[in-house]
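Asker:
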Amino acid sequence: MIERDEHVSAERRDLEGPTPQVQLAASAPALNQKSEPGRGADPDGRGRAESDKLDQYLLRRYHLHDDLKARDQLITMYMPLVRSLARRYASRGEHFDDLVQVGAIGLIKAIDRFDLTRGVELTTYATPNIVGEIKRYFRDKGWSVRVPRGLQELNIRVNKVIDELTARLQRSPTIAEIAEAASSTPEEVLEALESSQAYNSISLQASPTNDPGDDEATLVDYLGGDEDAYDTMEDRTMLAPGFAKLDSRERYILHLRFFEGLTQSQIASRVGISQMHVSRLIRRSLEKLRDEIGELDAPPVSQSRGTDSAL
Amino acid sequence: MSTERINLEVPATPSAFCVVRRVLGGLGSRLGYSLDDLEDLYLATDGLLCAALGHEPLEWVRIAMVVASDDLRLTMGRFTSPDLRAEVAAEVQACNDIDLCRLLHGTMDEVHVADAGAAFDVVLVRRHREVRP
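Protein chains in written order, with my numbering: chain A, 1 to 311; chain B, 1001 to 1133.
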């Protein structure tokens, strides 16, 4: 029993390395410099080395002594890394702040699960955790309707197969061809394609206009009941031409499709995006135009209109 | 190919239109339509149904899908709105914007209005295109 306790103590001493006091003193400059992992140049690598020492010290404090302040400090230190990784995914339609929050969860998980005996740096372990968490967020939370995991994965596979087949066959593939290439059935492919329409949902907190500076009103403000600002909104809408709601790429794609008569596959290759992305953009653009027209001459009813954005 | 007919009657709500798309998808898939063809069918039917809802309060929409030797014919109705009728029947050359008329003509091979008593149906035809092997 005594032997085992001694063994554990020895193991702890090995992990703890030099005494905390010495280590803390050594890492104090790094703290003062507000070292930011994943950012900034450090030609001689000295700041990085100090930062790593501090990491190891804080990790030991947290894992061996349950020091929650050390954990908080680690999280704060690595938030620039989270922001840097989240920035890579910021153009995918989700709010940057949301991605940072999700990435922070990945960071916290990495810190909590970090194994001191492995001898790797926290950055090495945290990066795939943060990216993984952000990707999971896109996979799970980017759907406006809860789509079963199997269908989500099939959807991803189908999109890949469509791109490959379109490139190989030089034409739009049939459902049967997609099903065969995706090792699936035509029914499942159709279901996966339909489910993809539930992707890229718009947040109820989003602005109803395309103006990023307009943060006064959100879509949720226009749901249900009499809205005082409705008349103002209607006036504004009547004055605005439908196309003004579309961004230049949406206008260009609609022009190619309906004025130049290009197919979605042809547009995809011209614009350099996938056919399914073209499909989504056309639908979204038409929805915007439809909403515009609907607001101009909608009959005084339709309990369903405006509440379902699936079409 | 023999003539085949599918009749659908769905609630006139956007959430029910996915049923129309699923049936169209299944039918188009069986006919060997390409993804482009199917997307066009989806756009046309969604566009028409949403426009109809915007023009008049509807409870139900009837859609007849007829597969003949070389085309897929969709008959959708019954509508009564004169505005909708005018939009569908407009000359595509006169359409400067992406309105219903251009949307339907851009995606379908034939678009016309069929009288049905006091109401009318919209007939959309998509010719079957042989997919190159």
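The beta carbon of each residue, even a glycine, is placed where N, CA and C say it ideally should be. Bear in mind the structure is a predicted one, so any value in this text is a computation, not a measurement.
(1) Could you tell me if Ser279 (chain A) is buried or exposed, where buried requires 16 or more neighbouring beta carbons within 10 angstroms of its beta carbon?
(2) State the beta-bridge partners of Val1067 (chain B) as determined by DSSP.
(3) Quick one: using the 10 Å Cβ neighbour count with 16 as the cut-off for buried, is Asp1070 (chain B) buried or exposed?
(4) Taking one C-beta from the segment 1075-1093 of chain B and one from the segment 1052-1063 of chain B each time, how about it: are there three or more such pairs within less than 8 Å?
(5) For the beta strand (DSSP E) that Phe96 (chain A) lies in, which residues bound it at each end?
(6) Let me know if Leu68 (chain A) comes out buried or exposed under the rule of 16 or more other beta-carbons within 10 Å of its beta-carbon.
(7) Return the first residue and the last residue of the beta strand (DSSP E) that Glu1059 (chain B) is part of.
(8) Less than 8 Å between the beta carbons of Leu1031 (chain B) and Leu1074 (chain B), yes or no?
(9) Rounded to whole angstroms, how far is the Cβ of Thr123 (chain A) from the Cβ of Leu58 (chain A), which I believe are closer than 8 Å?
(10) Which residues in the same chain as Ala104 (chain A) place their Cβ atom closer than 6 Å to its Cβ, once the five residues preceding and following it in sequence are excluded?
(11) Distance, Cα to Cα, Gln275 (chain A) vs Asp163 (chain A)?
(12) Rounded to whole angstroms, what's the CA-CA distance from Asp112 (chain A) to His63 (chain A)? Just pull it up for me.
(13) Less than 6 Å between C-beta atoms, sequence neighbours within five positions excluded: which residues of the same chain meet that for Arg1021 (chain B)?
(14) For Arg257 (chain A), name the three-state secondary structure that DSSP assigns.
(15) Beta carbon of Ile134 (chain A), beta carbon of Val102 (chain A): below 8 Å?
(16) In whole angstroms, what is the alpha-carbon distance linking Arg313 (chain A) and Asp97 (chain A)?
(17) State the start and end residues of the unbroken beta strand (DSSP E) segment that holds Ala90 (chain A).
(18) Flag Leu239 (chain A) as yes if its beta-carbon sits less than 8 Å from any beta-carbon of chain B, otherwise no.
(19) Counting only the same chain and skipping the five closest in sequence on each side, list residues whose C-beta sits under 8 Å from that of Ala1118 (chain B).
(20) Out of curiosity, what's the CA-to-CA distance linking Leu165 (chain A) and Ala176 (chain A)?
(21) In angstroms, rounded to a whole number, what distance separates the CA positions of Cys1018 (chain B) and Glu194 (chain A)?
(22) Can you list, in chain order, the residues of its chain with a C-beta nearer than 7 Å to that of Ile108 (chain A)? Leave out the 5 residues immediately preceding and following it.
(23) Quick one: what's Thr174 (chain A) bridged to in DSSP?
(24) Locate the alpha helix (DSSP H) running through Val271 (chain A), then write down its first and last residues.
(25) On the three-state DSSP scale, how would you describe Ala1089 (chain B)?
(26) Anything in chain B within Cβ reach of Pro173 (chain A), meaning under 8 Å, just list it in chain order.
(27) Inspect the beta-carbon positions of Leu151 (chain A) and Ala182 (chain A) and report whether they are closer than 8 Å.
(28) Tell me, please, which residues DSSP counts as bridged to Ala1119 (chain B).
(29) Identify whether Ala25 (chain A) lies in helix, strand or coil by the three-state DSSP scheme.
(30) Quick check on DSSP: helix, strand or coil for Pro128 (chain A)?
(31) Name the chain B residues that come within less than 9 Å of Gln73 (chain A), Cβ to Cβ?
(32) Can you tell me the Cα-Cα spacing of Glu1009 (chain B) and Cys1050 (chain B), whole angstroms?
(33) Classify Gly1054 (chain B) as helix, strand or coil using the three-state DSSP reduction.
(34) Report the partner residues of Glu1009 (chain B) according to the DSSP bridge assignment.
Answerer: With the given structure in hand:
(1) Taking the first sequence and counting its residues from 1, one reaches residue 279 (chain A) at position 279. Ser279 (chain A) is buried by the Cβ-count criterion.
(2) Counting from 1 along the second sequence, the entry for residue 1067 (chain B) is found at position 67. Paired residue(s): B:Glu1004, B:Leu1072.
(3) Sequence index remark: in the second sequence, residue 1070 (chain B) carries index 70 (1-based). When all chains shown are included, Asp1070 (chain B) counts as exposed.
(4) Counting Cβ pairs under 8 Å, three or more are found: they touch.
(5) Stepping through the first sequence from its first residue, residue 96 (chain A) is reached at position 96. Run containing Phe96 (chain A): none in the beta strand (DSSP E); it sits in the alpha helix (DSSP H), 96-113.
(6) Within the first sequence, residue 68 (chain A) is the residue found at index 68, counting from 1. Result: exposed.
(7) On the second sequence, residue 1059 (chain B) is found 59 positions in, with the first residue counted as 1. Element bounds for Glu1059 (chain B): n/a, residue is neither H nor E.
(8) Numbered from its first residue, the second sequence carries residue 1031 (chain B) at position 31. Numbered from its first residue, the second sequence carries residue 1074 (chain B) at position 74. No. Outside cutoff.
(9) Residue numbering aside, residue 123 (chain A) sits at position 123 when the first sequence is read from its first letter. Residue numbering aside, residue 58 (chain A) sits at position 58 when the first sequence is read from its first letter. Taking the Cβ atoms as the reference, Thr123 (chain A) lies roughly 13 Å from Leu58 (chain A), outside the contact range of under 8 Å.
(10) Your numbering for residue 104 (chain A) matches position 104 in the first sequence. For Ala104 (chain A), where only same-chain residues beyond five positions count, the Cβ hits under 6 Å are Val82.
(11) Counting from one through the first sequence, the residue named residue 275 (chain A) turns up at place 275. Counting from one through the first sequence, the residue named residue 163 (chain A) turns up at place 163. Cα-Cα distance, rounded: 7 Å.
(12) Taking the first sequence and counting its residues from 1, one reaches residue 112 (chain A) at position 112. Taking the first sequence and counting its residues from 1, one reaches residue 63 (chain A) at position 63. Each residue's Cα considered, the two are about 8 Å apart.
(13) Translated into positions along the second sequence, residue 1021 (chain B) becomes position 21. Answer for Arg1021 (chain B): Tyr1042, listed in chain order.
(14) In the first sequence, the residue the question calls residue 257 (chain A) occupies position 257. DSSP places Arg257 (chain A) in helix when its eight states are reduced to three.
(15) Numbered from 1 along the first sequence, position 134 holds the residue referred to as residue 134 (chain A). Numbered from 1 along the first sequence, position 102 holds the residue referred to as residue 102 (chain A). Against a cut-off of 8 Å, the Cβ pair of Val102 (chain A) and Ile134 (chain A) comes out as a contact.
(16) One cannot answer for residue 313 (chain A) here, as it falls past the ends of chain A, which runs 1 to 311.
(17) Reading the first sequence from its first residue, position 90 is the one you call residue 90 (chain A). Run containing Ala90 (chain A): none; DSSP gives neither H nor E here.
(18) Against the first sequence, residue 239 (chain A) aligns to sequence position 239. Low confidence applies here, because Leu239 (chain A) scores a pLDDT of 39, under 50, leaving its location unreliable; read the following figure in that light. It does not: the Cβ of Leu239 (chain A) has no partner Cβ on chain B nearer than 8 Å.
(19) Here residue 1118 (chain B) refers to the residue found at position 118 when the second sequence is read from its first residue. Excluding sequence neighbours, Ala1118 (chain B) sits near Thr1080.
(20) For the purposes of this step, residue 165 (chain A) is identified with residue 165 of the first sequence, where counting begins at 1. For the purposes of this step, residue 176 (chain A) is identified with residue 176 of the first sequence, where counting begins at 1. In a straight line, the C-alpha of Leu165 (chain A) is about 12 Å away from that of Ala176 (chain A).
(21) Here residue 1018 (chain B) is taken as the residue at index 18 of the second sequence, counted from 1. Here residue 194 (chain A) is taken as the residue at index 194 of the first sequence, counted from 1. Going by the C-alpha atoms only, they are around 8 Å apart.
(22) Indexing the first sequence from 1 puts residue 108 (chain A) at position 108. Same-chain partners within the cutoff: Ile75.
(23) To locate residue 174 (chain A), count along the first sequence from 1; it is residue 174. Partner(s): B:Ser1034.
(24) One-based indexing of the first sequence puts residue 271 (chain A) at position 271. First-last of the alpha helix (DSSP H) with Val271 (chain A): 264-271.
(25) As a working note, residue 1089 (chain B) is residue 89 in the second sequence. Ala1089 (chain B): helix per DSSP, three-state reduction.
(26) Along the first sequence, one-based indexing puts residue 173 (chain A) at 173. What Pro173 (chain A) touches in chain B: Ser1034, Leu1035.
(27) Here residue 151 (chain A) is taken as the residue at index 151 of the first sequence, counted from 1. Here residue 182 (chain A) is taken as the residue at index 182 of the first sequence, counted from 1. No. Outside cutoff.
(28) Mapped onto the second sequence, residue 1119 (chain B) falls at position 119. Looking at the DSSP assignment, Ala1119 (chain B) forms a beta bridge with B:Ala1116.
(29) Residue 25 (chain A) sits at position 25 when you count from the first residue of the first sequence. Residue confidence is low: Ala25 (chain A) scores 38 on pLDDT, short of 50, so the model does not pin down where it sits. Its coordinate-derived value is still stated next. Helix.
(30) Numbered from 1 along the first sequence, position 128 holds the residue referred to as residue 128 (chain A). Three-state DSSP puts Pro128 (chain A) in a helix.
(31) Start at 1 with the first residue of the first sequence, and residue 73 (chain A) comes out as number 73. Per Cβ cutoff of 9 Å: no residues; Gln73 (chain A) is ~50 Å from chain B at best.
(32) For the purposes of this step, residue 1009 (chain B) is taken as residue 9 along the second sequence, with counting starting at 1. For the purposes of this step, residue 1050 (chain B) is taken as residue 50 along the second sequence, with counting starting at 1. Cα to Cα, the separation comes out at about 16 Å.
(33) Numbered from its first residue, the second sequence carries residue 1054 (chain B) at position 54. Of the three classes helix, strand and coil, the one that applies to Gly1054 (chain B) here is helix, per DSSP.
(34) The sequence position of residue 1009 (chain B) within the second sequence is 9, counting from 1. BP columns for Glu1009 (chain B) point to B:Arg1062.
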